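Taking it in order: structure first as structure tokens, then the write-up.
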Amino acid sequence: MSRPTVLRVPPLSPQLHDAVGEQYDARDLPEDGRAAFLAEHGADVVGIVCTNTGRVDGDLIAALPRLGVIANHGVGYDNIDVTACLERGILVSHTPGVLDDAVAETALGLLVATRRRMVEADRFVRDGRWPGAGAFPLTGQVAGSRVGILGLGRIGRRIAEILDVLGCTVSYHSRHEVPGVTYRYAPSAEALASEVDNLVAIVPGGAGTAALVDRAVLDALGPDGVLVNVARGSVVDEDALVAALREGRLGGAGLDVYAHEPDVPPALRALDNVVLLPHVGSGTEETRAAMRALTLDNLALWLETGRLRTPVPEMA
Ligand code: A2R
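Structure representation (structure tokens):
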């Protein structure tokens with residue numbers, strides 16, 4: 001019996017790429033010559049495997065008349081045109097839950113590293129400035145501080161639990177109040193920023209959250225405030241962020257994501273009061289293995305039963 005044809009939309013990790021190839025008749029969407037490739041193979045494709053940096057837009061979906069499932073390796077799926085999928089009855093899965101710990105510890109790491117100026121302190125030692133240049137300056141601390149969580153979902157709640165242990169006062173903003181939590185609810189992102197020392201963004205990307213953290217929110221956080229973004233670059237107005245950091249209207253930022261990845265604005269790279277990571281929030285061996293397994297599980301289940309284990313909320 002012929003194996004189902006699955007389209008791999010790059011980039012995929014070598015492990016995920018190979019796993020799909022072992023189980024299916026796998027095709028790789030090329031960077032160049034897509035029209036010719038799709039004309040030749042598009043009609044065979046029943047499933048797609050992709051990650052958050054592989055765009056699956058309306059044009060690609062339209063070129064795949066038998067497409068029935070998109071298995072996204074990641075919890076965020078703003079790379080996929082879900083509206084086009086809904087119109088065609090194409091199901092989309094993602095990987096919720098299995099990456100909460102990894103992303104939460106990335107958020108904590110960024111927050112501590114930024115507040116305690118750890119990257120600068122590391123350079124201080126490496127450059128041989130200790131002890132010749134005197135003691136490293138005193139810094140702020142995270143323990144006991146007020147932290148706002150923008151998006152108290154699965155990952156946001158995990159971050160809040162970790163901060164509880166550090167004696168932080170946690171408050172949050174989401175579109176809806178979360179029942180059964182003791183954290184204080186703020187009615188807007190700006191209101192939240194105005195009542196905390198540190199703000200952690202962990203909402204989904206996409207149109208609904210574009211520039212949710214804008215100049216007004218950054219100004220409300222203020223010159224002693226720190227922003228951590230482990231959500232999506234689109235959630236923060238990056239120009240406003242750079243301006244606020246350069247003009248001293250914001251104290252610091254710990255960033256894992258950027259507006260135009262992998263481009264990081266040179267002005268941001270030149271600043272000392274930022275810690276910059278290359279979008280590695282879920283990037284641990286353990287978590288990526290779990291995400292891979294769930295992605296493949298969804299694909300296999302759909303092929304077998306037409307259902308998904310973890311559909312995106314629009315299709316649940
Ligand atoms: O707004 P609500 O009540 O639906 O709460 C969700 C919140 N959220 C928003 N908050 C404020 N303004 C918005 N426009 C908005 N849209 C959504 O974000 C909820 O509290 C949170 C998302 O939580 P989950 O759906 O459980 O997602 P999870 O697994 O925590 O991942 C969050 C994001 C991913 O989409 C990736 O972009 C990134 O973290 O890795």
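As numbered in the working numbering, residues 1 to 316 make up the sequence shown, in order.
Ideal Cβ placement from N, Cα and C applies to all residues, glycine included.
Computed from a prediction, not measured in an experiment: that's the story for all the values here.
| task | Please classify Gly74: does DSSP put it in a helix, a strand, or coil? | result | coil
| query | What did DSSP end up calling Ile90 once you bin it into helix, strand or coil? | reply | coil
| query | Taking C-alpha atoms, which residue in Asp59, Leu166, Val69 lies nearest to Leu108? | reply | Leu166
| query | Say the cut is 7 Å; is the CB of Leu152 nearer than that to a heavy atom of the ligand A2R? | reply | yes
| Per-residue DSSP class, three states only, for Arg269 | helix
| message | Just to confirm the assignment, what range does the alpha helix (DSSP H) spanning Arg115 have? | response | Boundaries of the alpha helix (DSSP H) around Arg115: 100 to 115.
| message | Please state whether the Cβ-Cβ distance between Ser93 and Thr310 is less than 8 Å. | response | yes
| task | With a cut-off of 8 Å on the beta carbons, I'd call Val49 and Arg8 a contact; round off their distance for me. | result | About 6 Å; that satisfies the 8 Å criterion.
| task | Could you tell me whether the Cβ atoms of Ser171 and Gly148 are closer together than 8 Å? | result | Going by C-beta atoms, Ser171 is nearer than 8 Å to Gly148.
| query | At which residues does the beta strand (DSSP E) containing Asn198 begin and terminate? | reply | 198 to 201
| task | Measure the CB-CB distance between Thr51 and Tyr24 and report whether it falls below 8 Å. | result | no
| Quick one: is the Cβ of Pro204 within less than 7 Å of any heavy atom of the ligand A2R? | yes
| query | From Ala191, Ile155, Leu150, Gly144, pick the residue whose C-alpha is nearest to that of Thr169; which is it? | reply | Gly144
| said: Tell me the rounded alpha-carbon separation between Arg146 and Gln15. | reply: 40 Å
| query | Do you know offhand how far Asp28's Cα is from Asp297's? | reply | 20 Å
| request: Return yes when at least one heavy atom of the ligand A2R lies under 7 Å from the C-beta of Ser174, else no. | output: yes
| query | Is it true that the stretch 252 to 262 meets the stretch 61 to 81, where meeting means three or more beta-carbon pairs spaced less than 8 Å apart? | reply | no
| task | For Thr51, write down the residues that DSSP places opposite it in a beta bridge. | result | His73
| query | Which value, in whole angstroms, describes the spacing of the CA atoms of Glu190 and Val178? | reply | 18 Å
| request: Please classify Thr310: does DSSP put it in a helix, a strand, or coil? | output: coil
| said: Helix, strand or coil, according to DSSP, for Thr5 in the structure here? | reply: strand
| task | Tell me whether the beta-carbon of Arg66 lies closer than 8 Å to the beta-carbon of Val45. | result | yes
| Given a threshold of 16 other Cβ atoms within 10 Å of its Cβ, counted over all protein chains shown, does Trp130 qualify as buried or as exposed? | Residue environment analysis places Trp130 among the exposed positions, since fewer than 16 neighbouring C-beta atoms fall within 10 angstroms of its C-beta.
| query | Would Val228 pass as a contact of Ala193 if the rule is Cβ separation under 8 Å? | reply | no
| 8 Å CB neighbourhood of Ala317 in its chain, flanking five on each side removed | Since the displayed the chain opens at 1 and closes at 316, residue 317 lies outside it and no answer follows.
| request: From the DSSP output, in three-state form, read off Leu218 for me. | output: helix
| To which residues of the same chain is Gly128 closer than 6 Å at the C-beta, ignoring the five residues directly before and after it? | none
| task | Could you tell me if the beta carbon of Gly148 falls within a distance shorter than 7 Å of some heavy atom in the ligand A2R? | result | Within the chosen limit of 7 Å, the ligand A2R does not reach the beta carbon of Gly148 with any heavy atom.
| Beta-carbon of Pro223 versus every beta-carbon of chain D: anything under 8 Å? | Absence of chain D from the displayed structure is noted, only one protein chain being present.
| said: Tell me the DSSP secondary structure of Ala253 in three-state form. | reply: strand
| task | Just the C-alpha distance for Leu86 and Pro187, rounded to the nearest angstrom, thanks. | result | 31 Å
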